[in-house]
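Participant: This is the structure I want to talk about, given as C-alpha cells.
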Amino acid sequence: MSKAPKLKKRGFVMTGGGAKGFYEAGVIHAFHITGMEFDVITGSSIGAMNSVFFAEYLYQKRLLPEAVRQDPLAAIQALDERVRAFHHAWLLMPDKRIVDDSATGPIGKLKDDLEVFHLDLPLITHLTWWWSDPDRRNPPPPEVWPGLLRLGTELIGRLGGVGELLNLIKFNRANPVSQALIVYLARFNLDRSLIPAADDHRLKDIFTQPVSPLTAEHLAGDEAAADAPGTPTYILVDQNRSLRDYAQQEIEVRVTRANYRTGRLEVSAYVPLENFVRFMEKQAWRLQVSDPEMIPLGSFRLQVPGNPNAVNAGLCSGRFPGVFSPYPLDGLYPADDPENGVLYKMLTGWLGDAGVAGPIREAFQKVHPELKEANRPEALLDGWQKSDSMRDFFPQAGDTYVDGGSIDNTPSNSAVDYVREWAERNGLSKRALELELFVIFLDTEPKVEPDKAKNPAIFQVVSRTLQIQGAAKRSSDTNTVGTINAFGQRSEDLATALQSLLESFEATLAGMDKVQHAAFEQKLFEKAQELGLRGFLGEAPGGILGRMRQWVDAQLARGLPVNVETVSIYPEQMPLSTLQFTERLGYRKDHAIQMLTMGCYNTLWALRSHLEGGRENFDERDRQVLALAKKWMGIDPWPAEPAAQEKARLSWRCQRTECVYHQRYCAHGANL
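Going by the working numbering, the letters in the sequence shown line up with residues -16 to 655, in that order.
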C-alpha cells in the first residue's frame, strides 16, 4: 500500500524576550522577501505583538489583486514599505519611552527623592539586620533607635503625616514595611508597575499610529530628510482589527496569556461557539478532576469562546511582570462584539445563565446534526456546570493577565493544537497532515569557554544556571516533539501494515465456505480475548474482522499525533537584553540594527538549508521560497560537504542591493 503525500500546514512560533524582539522583526523581513506564508502563527510576550503584525501583513497580502499575488516579486514590492515601516517603528521605540526613564518621568522623580533621603548604607544595613532577626520581638537595642527615629522622620512627610504613619503600622501589623513601600511608590505612580497605567498606551501606539517606511536617512540619523512632506505612512495594525478578521482569511493567530488569579495558561484566539463546544467535548474531562493541581502548570491551554481584539491580544500576552500592570479581561474582548456576548454572561452566571446554555445547545446541534440523542447536550452542560474545578479554571469577571511567556515561552503546542483541531473539523486523519513549524528563539546556546568556567563568582553562577535552565526547557520541548514524531511514525507504519494484512485476510475469507469462515472468526475472537484486546472485540465472533478493520482505520484517522517538523532559528549572539528599550537601560541603535539584520540573514540560511536536498513533501510554496532564497543569497549550487557549507554560511553576500541595510549595516551586505 503506497503512502499518499501529506497535506502540509505551516506554523510560525515567536517567543518572548522584550527588546530581543528586534531579532524577530528581522526574521519577518526574511519571510517577506521569500514569500513565506503560514496557516497558524503563535507567540508569547513580545513575540505575541510581532505575531499580530505578521498576521496583519499576511492579511494585507491576501487583499492584493490576484495578479500581484501571483507574481512573487510584485507582491514583495507591494508590501515592502509596510515591512520597512514595521522596522522603523521598532527603531523608534526608545523615542516612545515605553519605560520613561527621563529626568522628569516617574523613575527620575523617584531617583531625585531618594537622593535627599537621609539614610546612608550603614544605617540601612543596620536596620535590615535588626528587622530580619528572628528575636525581633524583643525591644530594639539602643544602637537601632537613632536609625528608627531618622527613618520615621523621613517617612512622616512622604507617607502623609504622623497620623497616617501610625495608621499604616496599626492596620498592617503583619507586614507594615511592604505597605509603607506601596504608599511611598504611589507618590510616583510606581506602586503597581514600572510603567504607570496612564502611560500604558505607549506600546500600543507603536502599532496603531502612522509611521513612515525606514530609509537610509533614518538609519543615518537624518529624520528631517527622511520624513519630508508627502512621505507615505502606515498604521501597522488597525486598532479595531480582531482575530476573527485574520481567521476569515485563513490566518490562525494564537497568543498565550497567563491568568493572574488562576495561574493557568489561556489562549487568545478567535473561538466561535461551535469550536468551543468541540474543545469542551475533547478537554472537559481534564477540568473536571477533583484536584486542579493534577493538571500541571503549562500543560493545558484553555480556550474560551469569543473574538479578541488583535492588538490587545498582543498587549495582554506581553505584560512583563513588574514592568506592566496585569491586563484586564474586558480590554481584550470588546463588549460590543456579539460574538463576545456568551463569554461575558459566562463570567458572572457561568453555565446556569440561559444566555449561555441556549447558545451552547444550538452550537452543539450544529456540530452534531446527525445526533439523535436529544438529551446529550443537556447531560454535558449539567456535568460541566456542577464541576467546581472547571468553574475555577475558567476566567471570571474582574480577572487580569500577566505575561504569557511566564508559563509558555515557546508556544509550539498552540500551533499543534490548531492543526489537530483543523483536521478533526475537516474529517481528516491527523497522519494525513504534516506541520512544518518555524520556531524563533531569542537566546543563544549557553556555552562558556573553558578558562571562564573555572572558579566562577556568585553572580556568574546564578546567571549561568538561569541560562542552562532556559536552554534545558527549550531542549525538552524539542525532544518532546521528536519523541512524539517517532512514536507517531512507528504507530502509523504498524497500523498501515495491519491494514494490508486485514485486506489479505478479507480476500482469503471471501473464498471460504461458511463453516471455515466461522471457525476463523472464532479463533481470532478467542486470541483477542486471551490478549485482553477490547477495542474491537465485540460480543460475539461474527464480524470481528470488520470491527478490527474499523478500529485500525479509526486509530489512523484520530488516534495518532500530527507529524511535526521543526525548523529552529537561533541568533549567534544577543547584543540587547530584555528591558533595553532606552539608552539609559542599555539600548544602542547599532545593536538594534545588528539584531534586525541578523534575524533576516539567519532565517535565509535556515530556509535554504531546510529546503535543499530533494525533500519528499515539496510543494509549490516550497519551490517559490527556495527560488527567492537562491536569488537573494546568490549561492548556486548548494555546497554538499559540511565544511563547504560552513564556509558559505560565513561568506555569502546578499544580492538584494535595494535593501535599506545592504550598503552599510548588514554583515552579509556590502560591508562583508
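Backbone N, C-alpha and C fix where the C-beta goes; we use that ideal spot for every residue, glycine too.
These figures come from a predicted structure and were not determined experimentally.
(1) Identify every run of the alpha helix (DSSP H) within the stretch 353 to 382, keeping only runs that are complete inside it and at least 4 residues long; order them along the chain.
(2) Is the distance from the Cβ of S161 to the Cβ of V306 below 8 Å?
(3) Shortest alpha-carbon distance to L363 belongs to which of I165, G335, R133 and W128?
(4) What span of residues does the alpha helix (DSSP H) with W240 cover, start to end?
(5) Quick one: is D118 buried, meaning 16 or more other Cβ sit within 10 Å of its Cβ, or exposed?
(6) Decide if E39 is buried, meaning its Cβ has at least 16 other Cβ atoms within 10 Å, or exposed.
(7) Are there 16 or more other CB atoms within 10 angstroms of the CB of V145, so buried, or fewer, so exposed?
(8) Measuring only the C-alpha atoms, how far is F508 from V35?
(9) Determine the direct distance from the alpha carbon of D619 to that of W635, and round the result to whole angstroms.
(10) The alpha helix (DSSP H) that contains L226, what's its start and end?
(11) What is the residue span of the alpha helix (DSSP H) that F(-5) lies within?
(12) Less than 8 Å between the beta carbons of D83 and D182, yes or no?
(13) Please report the distance separating the alpha-carbon of G135 from that of W113.
(14) Of the residues S28, R185, A415 and L202, which one's Cα is nearest the Cα of K572?
(15) As an exercise, report each continuous alpha helix (DSSP H) stretch of at least 4 residues that is fully enclosed by the stretch 85 to 165, in chain order.
(16) Excluding sequence positions up to five away, which residues of its chain have a Cβ less than 7 Å from the Cβ of K614?
(17) Within the 8 Å Cβ cut-off, does S634 reach chain C?
(18) Going by the beta-carbon positions, is the gap between S195 and H71 smaller than 8 Å?
(19) According to the neighbour-count rule (16 or more other Cβ atoms, all chains shown, within 10 Å of its Cβ), is P48 buried or exposed?
(20) How many whole angstroms separate the CB atoms of M581 and G9, which I take to be in contact at a CB cut-off of 8 Å?
(21) Tell me whether the beta-carbon of V422 lies closer than 8 Å to the beta-carbon of T549.
(22) Quick check: what's the CA-CA separation for R141 versus S389?
(23) Buried or exposed: which applies to M263, given that a residue is buried once 16 or more other Cβ atoms fall within 10 Å of its Cβ?
(24) Near K230, what residues of its chain come up, given a Cβ to Cβ distance below 7 Å and the 5 sequence neighbours on each side ignored?
(25) So does the stretch 291 to 307 actually touch the stretch 325 to 343, counting three or more Cβ pairs closer than 8 Å?
(26) Could you tell me if A502 is buried or exposed, where buried requires 16 or more neighbouring beta carbons within 10 angstroms of its beta carbon?
(27) By DSSP's criteria, L594 is part of a beta bridge. Which residues make up the other side?
(28) Which residue from Y243, S115 and E595 puts its Cα closest to that of F376?
(29) What's the call for S85, buried or exposed, on a 16-neighbour Cβ count within 10 Å?
(30) Do L416 and K(-8) come within 8 Å of each other at the CB atom, strictly closer than that value?
(31) Which residues does DSSP list as the beta-bridge partners of T549?
(32) For L248, does the three-state DSSP call read helix, strand or coil?
(33) Hey, how far is the Cα of E200 from the Cα of E206?
(34) What whole-angstrom Cβ distance do F347 and V260 have, given they're in contact under 8 Å?
(35) Excluding the five sequence neighbours on either side, which residues of its own chain have a C-beta within less than 8 Å of the C-beta of R133, listed in chain order?
(36) Around the Cβ of A660, are there at least 16 other Cβ atoms within 10 angstroms (buried) or fewer (exposed)?
Facilitator: To lay it out plainly:
(1) 359 to 369 and 371 to 376
(2) The beta carbons of S161 and V306 sit no closer together than 8 Å.
(3) G335
(4) Checking the displayed sequence, the identity of residue 240 turns out to be Arg instead of Trp. Here R240 belongs to no alpha helix (DSSP H); instead the beta strand (DSSP E) covers E235 to N242.
(5) exposed
(6) buried
(7) V145 counts as exposed, since fewer than 16 other C-beta atoms from the protein chains shown sit within 10 angstroms of its C-beta.
(8) 55 Å
(9) 11 Å
(10) Segment L226 to Q231, the alpha helix (DSSP H) holding L226.
(11) Run containing F(-5): none in the alpha helix (DSSP H); it sits in the beta strand (DSSP E), L(-10) to M(-3).
(12) yes
(13) 16 Å
(14) With distances taken between Cα atoms, K572 lies closest to L202.
(15) 89 to 98, 104 to 114, 128 to 141 and 145 to 154
(16) A distance below 7 Å between beta-carbons, with the five flanking residues on each side excluded, links K614 to the following residues of its chain, in chain order: Q638.
(17) This model lacks chain C altogether, as it is built from one protein chain only.
(18) yes
(19) exposed
(20) 6 Å
(21) yes
(22) Whole-angstrom Cα-Cα distance: 34 Å.
(23) buried
(24) As written in the sequence, residue 230 is Ala, which differs from the Lys given in the question. These residues qualify, in order along the chain: Y253.
(25) no
(26) exposed
(27) L594 is not bridged to any residue.
(28) Y243
(29) exposed
(30) Yes, Cβ-Cβ distance for K(-8) and L416 is below 8 Å.
(31) L420
(32) strand
(33) CA-CA distance, E200 to E206, rounds to 7 Å.
(34) 5 Å
(35) The answer, listed in chain order, is H101, L102 and L106.
(36) A question about residue 660 goes unanswered here, because the residues of the chain that appear run from -16 up to 655.
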